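All remarks here apply to the structure that follows.
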Amino acid sequence: MAMTKIGRSSGTSRFFNICRWTTSLANTTTTTTRDETKILHTTTTSTSSKGGGGTTKSMNLFTAINQALHIALDSHPRTYVFGEDVGFGGVFRCTTGLADRFGKQRVFNTPLCEQGIVGFGIGLAAMGNRAIAEIQFADYIYPAFDQIVNEAAKFRYRSGNQFNCGGLTIRAPYGAVGHGGHYHSQSPEAFFCHVPGIKVVIPRSPREAKGLLLSCIRDPNPVVFFEPKWLYRLAVEEVPEDDYMLPLSQAEVIREGSDITLVGWGAQLAVMEQACADAQKDGISCELIDLKTLIPWDKETVEASVKKTGRLLISHEAPVTGGFAAEISASLVERCFLRLEAPIARVCGLDTPFPLVFEPFYMPTKNKILDAIKATVNY
Amino acid sequence: MAALTRRSYNLVNRISTTHAYTSHLHRSFSTDTTPFTVETSIPFTSHNCEPPSRSVETSAAELMTFFHDMATMRRMEIAADSLYKSKLIRGFCHLYDGQEAVAIGMEAAITKKDSIITAYRDHCIFLSRGGTLVEAFAELMGRKDGCSKGKGGSMHFYKKDSGFYGGHGIVGAQVPLGIGLAFAQKYNKEDHVSFALYGDGAANQGQLFEALNMAALWDLPAILVCENNHYGMGTAEWRAAKSPAYYKRGDYVPGLKVDGMDALAVKQACKFAKEHALKNGPLILEMDTYRYHGHSMSDPGSTYRTRDEISGIRQERDPIERIRKVILAHDIATEKELKDIEKEKRKVVDEAIAKAKESPMPDPSELFTNVYVKGFGVEACGADRKEVKAVLP
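Residue numbers (this note's numbering), protein chains in the order written: chain Y, 1117 to 1495; chain V, 9 to 401.
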């Protein structure tokens, strides 16, 4: 089912100034200054991209992911893409053109069976192949949860390194979209962050997505790659057309500041960026970090930042209790307790199922983040 | 006969206008209830059991009920289509038009004490289980007076007092639930059955086979109904299933293939299934049906099937047309009377929509209700733990 309407429901304080976003992207410089936020640009210092210096093209998230998949299949003959409806291009068009170019033996549809898809992918990966499984919506990943947790994550460990399914990458669109309701909006990353043996990666923009996805596919560990569905069409950026990879388990400071550190991932970063800009007007200098890889996560970068600012705020769409912000918070308290000026703030979704009509109330909106920034700074 | 039809028309008219706002599906017309038999369009195909007879017992009253109810359902779905396009319904909306015969035929064979559980294409089943149009439209628009208080939306219609267990978004997840319902019915020594509906896409879910095995092992009065509309979203059945003979998939569980566009055949099959399930345990019914709309409102429905196919089915197998033909063939009503009924349904549906629109959105405090049982006292944390903390009611 293609998401033809991607927009936020009215009456929400989480607005998006699309023009501002796209014009800030017209700038292709890669240095960040204090005042500007190049949220969708990766700084050269934090990338170890093989390419990234050649020609770029303006494209949105699903096109960037599509390019990454094309490159992945082109560069390695035993790479396969499969999932529900991927043959014609997928419901979000991430797999367009793959079946035509690489053939139905390598890009094929599966029946409606998530557990089967992931289990099958694990087996394929165990034979040394690169299996890229697509779960149509992250909300549907739960039948496959057993396979991911009990099979994929533990295969190398329990076989004493005889076998592994490192070639497995599971891609799933996640996150709110304005009208998704209970089963087309969930952010299940926290469930997977609790499983040693797999990696969880979430890109924030097209350029990030392409580089990170290629890294995930080539990483010798099973990876769950959540794609912010809200950004599939909305985020447009200059993306290098060549083959490049971005490092996993490396967070990126995308906005420098000195008063408070904000940590987030995926689509939520755009909201946080807006809050930072608003806070700037009130004289609060915010440092914004994109975690990118949730497990294993880059504790050092966050720690260094919190040691600088003394305050931390984490934001994600998933419900606050047991969300990944709790892990970040606990780790940082362990490491930076004496440096902290204020309790660590978590601005997250509410502890309810993802609601239907109440989405604007549920979401961690810009104003909620702004209030928390001010409360933390004024503690 | 003419006097009979005149009388029935007047009564039908009167009932409809007085019950405009609470338009339930009418079950009792004063028309003739003398039984006569009609042959189903095609014979039943069976697997591991003796198929029921093609001759279905029905009556003028029942046929008129079928017509009324299916016309209402058809109008409701089409109205939902335009409401969605005008953004009054948001989120996801999966329409059932074309498949009405399954809902109607099933209802005719069972009682409100039997349970039905289905997936997300549930608007018409809600109606056939006794739901009102106002509740349906209000729920679709996310209003307080909806059947799930506006918190469920299109995919989550429920009606507890008539055994309708919804309304499920995750494909296939409702089938094990249906088996559980059947267990409860058997344990309570009720002479009732549970119908667990699913689609041809869901037929490939592992949990279905788990549920089937449990139902067969414990002889549960469960009937698994595969509403085979031949497309799982955009994937044709032959692309997803090695064996699209879904009624045979039960192996040791008997199955029956039914023309799902023929309300009388559906009724006969469900009656047969109920008797079977109460005596011998589970059964699979495969309803050969078709949906005119795409999978949901985001799907035009024409990229994976030809328009000729859709209009062909509409011409040859439309469930409402079939009943119309039977009614006309038996002189139960005139063509004009039937057309008037359809026109009147249009009005009834429009009135229900108007009433539903008046209903307000649910109160924001409803965001927190019913997460747990009332009074459980669990703390819910808002966006900022310090400022917003609520004890869930």
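Glycine included, C-beta positions come from ideal geometry on N, C-alpha and C.
Just so we're clear, the structure is a prediction, and the values are computed from it rather than from any experiment.
Can you tell me which of the three DSSP states residue i falls into?
i               : result
I1248 (chain Y) : strand
M81 (chain V)   : helix
V1202 (chain Y) : coil
T342 (chain V)  : coil
M181 (chain V)  : Here the sequence assigns Ala to residue 181 (chain V), which means Met is not the residue at that position. Three-state result, A181 (chain V): coil.
F172 (chain V)  : strand
L1429 (chain Y) : strand
H131 (chain V)  : helix
V142 (chain V)  : helix
V1387 (chain Y) : helix
T1163 (chain Y) : At T1163 (chain Y), the pLDDT of 36 sits below 50, so the modelled position is not reliable and the matter cannot be decided from this model.
C57 (chain V)   : coil
V1316 (chain Y) : strand
L71 (chain V)   : helix
S304 (chain V)  : coil
K1173 (chain Y) : strand
L1329 (chain Y) : helix
E1353 (chain Y) : strand
G158 (chain V)  : coil
N1225 (chain Y) : strand
Distance check for residue j and residue i, CA to CA, integer angstroms please.
i               : j               : result
M241 (chain V)  : H303 (chain V)  : 5 Å
M84 (chain V)   : R62 (chain V)   : 31 Å
I1318 (chain Y) : E1353 (chain Y) : 17 Å
A1306 (chain Y) : H238 (chain V)  : 37 Å
N1483 (chain Y) : A1391 (chain Y) : 7 Å
I50 (chain V)   : R129 (chain V)  : 26 Å
K1397 (chain Y) : T1377 (chain Y) : 17 Å
I97 (chain V)   : G161 (chain V)  : 9 Å
Q276 (chain V)  : E345 (chain V)  : 27 Å
F74 (chain V)   : Y1299 (chain Y) : 34 Å
D270 (chain V)  : N236 (chain V)  : 14 Å
S251 (chain V)  : L1284 (chain Y) : 29 Å
V266 (chain V)  : V274 (chain V)  : 7 Å
A337 (chain V)  : D1467 (chain Y) : 59 Å
N1143 (chain Y) : Y1258 (chain Y) : Confidence in N1143 (chain Y) is poor, its pLDDT being 34 and thus under 50, which makes the residue's placement too unreliable to answer from.
G1244 (chain Y) : P1227 (chain Y) : 23 Å
G175 (chain V)  : E1450 (chain Y) : 46 Å
T1481 (chain Y) : S1445 (chain Y) : 20 Å
D296 (chain V)  : H76 (chain V)   : 22 Å
H200 (chain V)  : P229 (chain V)  : 7 Å
S1191 (chain Y) : G1291 (chain Y) : 30 Å
Y1478 (chain Y) : E317 (chain V)  : 44 Å
Q1221 (chain Y) : D122 (chain V)  : 47 Å
L225 (chain V)  : L264 (chain V)  : 20 Å
K120 (chain V)  : R137 (chain V)  : 7 Å
A362 (chain V)  : Y92 (chain V)   : 15 Å
Since residue i meets chain Y, which of its residues come closer than 7 Å, beta carbon to beta carbon?
i              : result
A144 (chain V) : Correct list: empty, because the minimum Cβ distance to chain Y is about 15 Å.
F376 (chain V) : T1468
N212 (chain V) : P1227, L1228 and C1229
I178 (chain V) : Y1256 and Y1299
T243 (chain V) : D1201 and N1225
G240 (chain V) : L1228
Quick one: list the residues of chain V neighbouring residue i, beta-carbon separation under 9 Å, in chain order.
i               : result
Y1348 (chain Y) : Those within 9 Å of Y1348 (chain Y) in chain V number zero; the least Cβ separation is about 14 Å.
F1477 (chain Y) : P372 and L375
G1232 (chain Y) : N212, Q213 and G214
For the ligand SAM, any of its heavy atoms closer than 7 Å to the Cβ of residue i?
i               : result
D1467 (chain Y) : As presented, the structure is devoid of all ligands, the ligand SAM included, so that no description of it is given.
In chain Y, which residues lie with their C-beta within 9 Å of the C-beta of residue i?
i              : result
P252 (chain V) : Within 9 Å Cβ-Cβ: nothing; P252 (chain V) doesn't reach chain Y, min ~11 Å.
A88 (chain V)  : Neighbours of A88 (chain V) on chain Y: none; closest Cβ ~15 Å, over 9 Å.
G161 (chain V) : G1297, H1298, L1472 and V1473
R247 (chain V) : G1203, N1225 and P1227
Closer than 8 Å by beta-carbon distance: list the chain Y residues that pair up with residue i, in chain order.
i              : result
R313 (chain V) : Within 8 Å Cβ-Cβ: nothing; R313 (chain V) doesn't reach chain Y, min ~13 Å.
F165 (chain V) : In chain order: nothing, as chain Y lies at least about 13 Å away.
Residues of chain V with CB under 7 Å from residue i, in chain order?
i               : result
V1473 (chain Y) : G150, G158, M369 and P370
Verify the CB distance criterion: does residue i have a CB-CB separation below 8 Å to chain B?
i              : result
G186 (chain V) : Within the model displayed, chain B is absent; protein chains Y and V are what it includes.
Fully enclosed by the region 201 to 278 of chain V, which alpha helix (DSSP H) runs are 4 residues long or longer?
-> For the alpha helix (DSSP H) assignment, the uninterrupted runs of no fewer than 4 residues enclosed by the region 201 to 278 of chain V are, from N- to C-terminal side, 214 to 225 and 245 to 248.
Of the residues that make up the region 1277 to 1295 of chain Y, which ones have a beta carbon closer than 7 Å to any beta carbon in chain V?
-> H1295
Could you give the uninterrupted runs of the beta strand (DSSP E) lying entirely in the region 1259 to 1309 of chain Y, keeping only those of 3 residues or more?
-> 1284 to 1290
Between the region 1187 to 1203 of chain Y and chain V, which residues of the former have a C-beta closer than 8 Å to a C-beta of the latter?
-> E1200 and D1201
Which runs of the alpha helix (DSSP H) spanning at least 4 residues fall entirely within the region 1403 to 1451 of chain Y, listed in chain order?
-> Segments of the alpha helix (DSSP H) lying fully in the region 1403 to 1451 of chain Y: 1415 to 1425.
With 8 Å as the limit, tell me which residues of the region 279 to 310 of chain V have their beta carbon closer than that to any beta carbon of chain Y; keep them in chain order.
-> H303, S304, S306 and D307
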